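Reading through the structure tokens given below for one structure.
2 protein chains.
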Amino acid sequence: MPSFRVELPASPHDVHIGVGLLARFNEMLSAARLDRRRTVIVTDETVGGQYAAPLLEQLGARASLVTVPPGENSKSLATLAYLYEQFARLELDRSSVVVALGGGVIGDLAGFAAATYLRGIALVQAPTTLLAQVDSALGGKTAINLPSGKNLVGAFYQPRAIIADIATLTTLPERTFREGLAEVIKYGAIRDAPFIDWLETAMPQILARDPEHLTTVVERSLRHKAYVVTNDERESGLRQILNFGHTFGHALETASGYGNYFHGEAVAIGMVVASRLSRHYAGLSADDAGRLAGLIARAGLPTRMPDGWRSEEFLSALRHDKKRAGEGIEFVLLDRLGHALLRKLDFDRILAVA
Amino acid sequence: MPSFRVELPASPHDVHIGVGLLARFNEMLSAARLDRRRTVIVTDETVGGQYAAPLLEQLGARASLVTVPPGENSKSLATLAYLYEQFARLELDRSSVVVALGGGVIGDLAGFAAATYLRGIALVQAPTTLLAQVDSALGGKTAINLPSGKNLVGAFYQPRAIIADIATLTTLPERTFREGLAEVIKYGAIRDAPFIDWLETAMPQILARDPEHLTTVVERSLRHKAYVVTNDERESGLRQILNFGHTFGHALETASGYGNYFHGEAVAIGMVVASRLSRHYAGLSADDAGRLAGLIARAGLPTRMPDGWRSEEFLSALRHDKKRAGEGIEFVLLDRLGHALLRKLDFDRILAVA
Numbered sequence: 255m256p257s258f259r260v261e262l263p264a265s266p267h268d269v270h271i272g273v274g275l276l277a278r279f280n281e282m283l284s285a286a287r288l289d290r291r292r293t294v295i296v297t298d299e300t301v302g303g304q305y306a307a308p309l310l311e312q313l314g315a316r317a318s319l320v321t322v323p324p325g326e327n328s329k330s331l332a333t334l335a336y337l338y339e340q341f342a343r344l345e346l347d348r349s350s351v352v353v354a355l356g357g358g359v360i361g362d363l364a365g366f367a368a369a370t371y372l373r374g375i376a377l378v379q380a381p382t383t384l385l386a387q388v389d390s391a392l393g394g395k396t397a398i399n400l401p402s403g404k405n406l407v408g409a410f411y412q413p414r415a416i417i418a419d420i421a422t423l424t425t426l427p428e429r430t431f432r433e434g435l436a437e438v439i440k441y442g443a444i445r446d447a448p449f450i451d452w453l454e455t456a457m458p459q460i461l462a463r464d465p466e467h468l469t470t471v472v473e474r475s476l477r478h479k480a481y482v483v484t485n486d487e488r489e490s491g492l493r494q495i496l497n498f499g500h501t502f503g504h505a506l507e508t509a510s511g512y513g514n515y516f517h518g519e520a521v522a523i524g525m526v527v528a529s530r531l532s533r534h535y536a537g538l539s540a541d542d543a544g545r546l547a548g549l550i551a552r553a554g555l556p557t558r559m560p561d562g563w564r565s566e567e568f569l570s571a572l573r574h575d576k577k578r579a580g581e582g583i584e585f586v587l588l589d590r591l592g593h594a595l596l597r598k599l600d601f602d603r604i605l606a607v608a
Numbered sequence: 255m256p257s258f259r260v261e262l263p264a265s266p267h268d269v270h271i272g273v274g275l276l277a278r279f280n281e282m283l284s285a286a287r288l289d290r291r292r293t294v295i296v297t298d299e300t301v302g303g304q305y306a307a308p309l310l311e312q313l314g315a316r317a318s319l320v321t322v323p324p325g326e327n328s329k330s331l332a333t334l335a336y337l338y339e340q341f342a343r344l345e346l347d348r349s350s351v352v353v354a355l356g357g358g359v360i361g362d363l364a365g366f367a368a369a370t371y372l373r374g375i376a377l378v379q380a381p382t383t384l385l386a387q388v389d390s391a392l393g394g395k396t397a398i399n400l401p402s403g404k405n406l407v408g409a410f411y412q413p414r415a416i417i418a419d420i421a422t423l424t425t426l427p428e429r430t431f432r433e434g435l436a437e438v439i440k441y442g443a444i445r446d447a448p449f450i451d452w453l454e455t456a457m458p459q460i461l462a463r464d465p466e467h468l469t470t471v472v473e474r475s476l477r478h479k480a481y482v483v484t485n486d487e488r489e490s491g492l493r494q495i496l497n498f499g500h501t502f503g504h505a506l507e508t509a510s511g512y513g514n515y516f517h518g519e520a521v522a523i524g525m526v527v528a529s530r531l532s533r534h535y536a537g538l539s540a541d542d543a544g545r546l547a548g549l550i551a552r553a554g555l556p557t558r559m560p561d562g563w564r565s566e567e568f569l570s571a572l573r574h575d576k577k578r579a580g581e582g583i584e585f586v587l588l589d590r591l592g593h594a595l596l597r598k599l600d601f602d603r604i605l606a607v608a
């Protein structure tokens, strides 16, 4: 079982990755040496139906379950209020633990609830999707949505442990599994050319969900994320490179009318657009750009912007990007596979090439 | 104008105390060197009616006003949601500033909104009540209430500056002014015997709201709070002494049926109870206990528990105190005026003396 430590000065914590960790969850929690006067597992109906009963049995009388509906709509103030009331009913105190068991929605929602209940109680991230395991569970970003926008309310709040059970990946729907690969490929693109080489070779076994290959995928991804986050917890510099592919990706997710892209799918397309921009404005070779697009396609992910994407709505979403800097956008580009840089591009230059 | 710096390693900030600082607010904000792409003043209808118009005029086109109803009921999820929607409508970004202009309710509510909007945007505390100026504006505690309890949801979030205009104290209703004196006396009781001496002499001028005396009261109180908070930001040890008088005080506020104590009034009574416990369990002299009760009375604050206070509801509130430790409570006691200590007392010992 690979384990490593995220060495954040104020909140160091362990990451455990392996097959069957949910069956050893009590032991994993003990390793984190948490007071556990009460433990509350927050999950959604889908994940809860698969894993909650044996987990509760394992954790014993001081553990409880709180379930919310699956899907992005649960990242709301209303669901947050529901969690708070459940926490109060269960009499959580400063010696209690919240376990976020699920994908990115649960990690964000339960994470924000734990960050703010009693001004912060212990949080354990137990991600069950590939996207959450390779990305969102690590880094301390928690958030909910408002009617006026996604992730507008949140907190930086580090978990006390991250427990990624690879076995949960085997039951994911195909599309949910594949979207996680977009973030995996991203780490290779921005920081790790040899990882790209390995992914090109290993993709068949990964898509077949071979546990050993998946363990490697998750561990190597999380180590990259941990490095970046440890060196820039509050996203003031280095951490921005994690947004590679996310500028066009977010705009695709925000603007409606293009079908309903999953986050990873939108990022996949965004990475292809960003590598096209990288060819023109950062010297990325045609060969490297082609390899990246090819790998994304072999992961079963989309690589092309939808027809007629230059709508008013899309361009407005692009202009409101959080990375906006005056009349342009701070764009993450590649000068070669495995190396990212930030470059401010104005909208004309972006749209001339995208 | 007294100014000093709160030397928190991750979030040092200045405190300015003086008469007429709201009239120089733009200059005060400039001193804090904040990006101010937008500035939003959050206040309540009462305070806003007195101070908002000239402030807005002073701050110019990039400043806006958001007003909520006065009173504790505004520390709710519903009002928080309203603030978030206003922040979104005003397009606040990470270069924007929230000014909390008002008493403790506004500081807690607007502070929590600023702490969580976009995972935290700049906050300036501009307290306008004595209680907020000597206590709640400094220390980074923000919170809202839930139906199941007060301050159950919140964050530790430090302001970028604290601007306490002494002039705002002159228009406070008498009872609101006097309740703030409870926390002032508390600092003397737990840390500063010479301050108690001074308060005994200066009380007539303080009650007459002489600006020079009030400036001294606020500055000396905030310096004590700053010292304690700087040495224990997250309330793991030293900071607990700030809870002197608050155990019985909170229970009085929580249990209904005793009339409606203001926070400072409940703390005043709680300090007298705690000094009685201190006589029995910490060696406080009868003379010191008498001086403290006398000073509280001269500030126009209550000193006696209400008749018939040993109700089920009160005792239940006491038992659910956050400072509960097993079968007892970690109580803040005095061994002499000006020096506090923590002692675990079981309920029998508490109730035998209280």
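If you're matching them up, the sequences are chains A and B in order. Residues in the first sequence are numbered consecutively from 255, following my numbering. Residues in the second sequence are numbered consecutively from 255, following my numbering. Don't be surprised by glycine CBs; every beta carbon is placed ideally from N, CA and C. Model, not experiment: these values are computed from the prediction.
Ala606 (chain B) beta carbon near the ligand ADP (any heavy atom closer than 8 Å): No copy of the ligand ADP occurs in the structure displayed, which carries no ligand at all.
Spatial neighbours of Gln459 (chain B) in its chain, beta-carbon cut-off 7 Å, leaving aside the 5 residues before and after: Translated into positions along the second sequence, residue 459 (chain B) becomes position 205. Result list for Gln459 (chain B): His467, in chain order.
Taking Phe258 (chain A) as part of the alpha helix (DSSP H), name the residues at either end of that continuous run. Position 4 of the first sequence holds residue 258 (chain A). That residue, Phe258 (chain A), is in no alpha helix (DSSP H); its beta strand (DSSP E) goes Ser257 to Val260.
What residues from chain B crowd round Tyr338 (chain A), counting only those whose CB sits closer than 9 Å? Reading the first sequence from its first residue, position 84 is the one you call residue 338 (chain A). Those are Leu331, Leu400, Ser402, Leu406 and Val407, listed as they occur along chain B.
Compare the Cα-Cα distances from Gly442 (chain B) to each of B:Asp602, B:Arg278 and B:Leu591 and report the closest residue. Counting from one through the second sequence, the residue named residue 442 (chain B) turns up at place 188. Here the closest residue by C-alpha is B:Leu591.
Contact with chain B by Leu596 (chain A), beta-carbon distance below 9 Å: As a working mapping, residue 596 (chain A) is identified with position 342 in the first sequence. Answer no: the Cβ-Cβ gap between Leu596 (chain A) and chain B never drops below 9 Å.
Against chain A, which members of the region 345-371 of chain B pass a CB distance test of less than 9 Å? Glu345, Asp347, Arg348, Phe366, Ala367, Ala369, Thr370 and Tyr371
Sequence ranges, beta strand (DSSP E) only - wholly within the region 384-430 of chain A, length at least 3: 395-400, 403-410 and 415-419
Closest Cα partner of Leu355 (chain A) within the set A:Arg292, A:Asp419, A:Arg348 and A:Tyr338: Here the question's residue 355 (chain A) lines up with position 101 in the first sequence. Ranking A:Arg292, A:Asp419, A:Arg348 and A:Tyr338 by Cα distance to Leu355 (chain A) puts A:Asp419 first.
I'd like to know whether the C-beta atoms of Leu549 (chain B) and Leu453 (chain B) end up nearer to each other than 9 Å. The count along the second sequence starts at 1 and reaches residue 549 (chain B) at position 295. The count along the second sequence starts at 1 and reaches residue 453 (chain B) at position 199. The answer is yes: Cβ separation under 9 Å.
Ser318 (chain B) - containing beta strand (DSSP E), residue span: What you label residue 318 (chain B) is simply residue 64 of the second sequence in a count that begins at 1. Ala317 to Val322 is the span of the beta strand (DSSP E), which, as asked, contains Ser318 (chain B).
Looking only at its own chain, which residues have a Cβ that is under 7 Å from the Cβ of Gly314 (chain B), when we skip the five neighbours before and after it? For this step, residue 314 (chain B) is matched to residue 60 along the second sequence. Contacts found: none.
Using a threshold of 9 Å, state whether the C-beta atoms of Ala368 (chain A) and Tyr411 (chain A) are closer than that. Taking the first sequence and counting its residues from 1, one reaches residue 368 (chain A) at position 114. Taking the first sequence and counting its residues from 1, one reaches residue 411 (chain A) at position 157. Cβ distance < 9 Å, so Ala368 (chain A) and Tyr411 (chain A) count as in contact.
Any beta-carbon of chain B closer than 9 Å to the one on Lys479 (chain A)? For this step, residue 479 (chain A) is matched to residue 225 along the first sequence. Not an interface residue.
Of all the CB atoms in chain B, is at least one closer than 9 Å to the CB of Arg432 (chain A)? What you label residue 432 (chain A) is simply residue 178 of the first sequence in a count that begins at 1. Output row for Arg432 (chain A): interface = no.
Stretch pair the region 398-411 of chain A + the region 326-335 of chain A: three plus CB contacts closer than 8 Å: yes
With a threshold of 9 Å between beta carbons, is Gly518 (chain B) in contact with chain A? Locating residue 518 (chain B) in the second sequence gives position 264, where the first residue counts as 1. Taking Cβ atoms only, chain A never reaches closer than 9 Å to Gly518 (chain B), which makes this a no.
Residue range of the beta strand (DSSP E) that Arg597 (chain A) falls in? The count along the first sequence starts at 1 and reaches residue 597 (chain A) at position 343. His593 to Asp600 is the extent of the beta strand (DSSP E) around Arg597 (chain A).
Taking the CB atoms as reference points, tell me whether Arg445 (chain B) and Ile375 (chain B) lie closer together than 9 Å. Locating residue 445 (chain B) in the second sequence gives position 191, counting from the first residue. Locating residue 375 (chain B) in the second sequence gives position 121, counting from the first residue. In this structure, Ile375 (chain B) does not lie closer than 9 Å to Arg445 (chain B) by Cβ.
For chain A, find out if any of its Cβ atoms is closer than 9 Å to the Cβ of Phe410 (chain B); answer yes or no. On the second sequence, residue 410 (chain B) is found 156 positions in, with the first residue counted as 1. Closer than 9 Å: yes.
Consider the Cβ of Ala317 (chain B): report whether some Cβ of chain A lies at a distance smaller than 9 Å. On the second sequence, residue 317 (chain B) is found 63 positions in, with the first residue counted as 1. Judged by the 9 Å Cβ criterion, Ala317 (chain B) is not in contact with chain A.
Alpha carbon of Ser631 (chain A) to alpha carbon of Val294 (chain A), nearest angstrom: There is simply no residue 631 (chain A) to check, as chain A begins at 255 and stops at 608 in what is shown.
Is there a Cβ from chain B that is less than 9 Å from the Cβ of Gly393 (chain A)? Along the first sequence, read from residue 1 onward, the residue named residue 393 (chain A) stands at position 139. Answer no: the Cβ-Cβ gap between Gly393 (chain A) and chain B never drops below 9 Å.
In chain A, which residues lie with their C-beta within 7 Å of the C-beta of Arg290 (chain B)? Within the second sequence, the letter at position 36 stands for residue 290 (chain B). Those do not exist, as Arg290 (chain B) stays about 16 Å from chain A at its closest Cβ, beyond 7 Å.
Taking the straight line between their C-alpha atoms, what separation do you get for Val527 (chain B) and Leu588 (chain B)? Numbered from its first residue, the second sequence carries residue 527 (chain B) at position 273. Numbered from its first residue, the second sequence carries residue 588 (chain B) at position 334. Using only the alpha carbons, I get a separation of about 11 Å.
Between the region 274-283 of chain B and the region 485-503 of chain B, do at least 3 Cβ pairs fall closer than 8 Å? no
Count the other C-beta atoms from every protein chain shown that fall within 10 angstroms of the C-beta of Lys479 (chain B), then say buried if there are 16 or more, exposed otherwise. Numbered from its first residue, the second sequence carries residue 479 (chain B) at position 225. Classification for Lys479 (chain B): buried.
Suppose you measure from the CA of Leu546 (chain B) to the CA of Pro556 (chain B); what does that come to, to the nearest Å? Against the second sequence, residue 546 (chain B) aligns to sequence position 292. Against the second sequence, residue 556 (chain B) aligns to sequence position 302. The straight-line gap from Cα to Cα measures roughly 12 Å.
Quick check: is the beta carbon of Ala505 (chain B) nearer than 9 Å to any beta carbon in chain A? Here residue 505 (chain B) refers to the residue found at position 251 of the second sequence. Cβ-Cβ to chain A under 9 Å: no for Ala505 (chain B).
Of the choices B:Asp542, B:Arg316, B:Gly357 and B:Leu426, whose alpha-carbon is the least far from that of Glu345 (chain B)? Taking the second sequence and counting its residues from 1, one reaches residue 345 (chain B) at position 91. It is B:Arg316.
Alpha carbon to alpha carbon, what distance is there between Glu339 (chain B) and Ala553 (chain B)? In the second sequence, counting from the first residue as 1, residue 553 (chain B) sits at position 299. In the second sequence, counting from the first residue as 1, residue 339 (chain B) sits at position 85. Answer to the nearest angstrom: the Cα atoms are 42 Å apart.
Would you report the Cα separation of Gly491 (chain B) and Ala391 (chain B), rounded to the nearest angstrom? On the second sequence, position 237 is the one that residue 491 (chain B) refers to. On the second sequence, position 137 is the one that residue 391 (chain B) refers to. Distance between the alpha carbons of Gly491 (chain B) and Ala391 (chain B): 20 Å.
Cβ-based neighbour list, Asp542 (chain B), same chain, cut-off 8 Å, excluding 5 preceding and 5 following: Within the second sequence, the letter at position 288 stands for residue 542 (chain B). Correct list, in chain order: Ser529, Leu588, Arg590 and Leu591.
Distance between Ser349 (chain B) and Arg292 (chain B) (C-alpha atoms, nearest Å): For the purposes of this step, residue 292 (chain B) is taken as residue 38 along the second sequence, with counting starting at 1. For the purposes of this step, residue 349 (chain B) is taken as residue 95 along the second sequence, with counting starting at 1. Rounded to whole angstroms, Arg292 (chain B) to Ser349 (chain B) spans 7 Å at the Cα level.
Cβ-based contacts, 8 Å cut-off: residues of the region 523-553 of chain A near chain B: none
Do we get a CB-CB distance below 9 Å when we pair Glu343 (chain B) with the residues of chain A? Position 89 of the second sequence holds residue 343 (chain B). The sequence given here places Arg at residue 343 (chain B); Glu does not occur at that position. Yes, contact with chain A.
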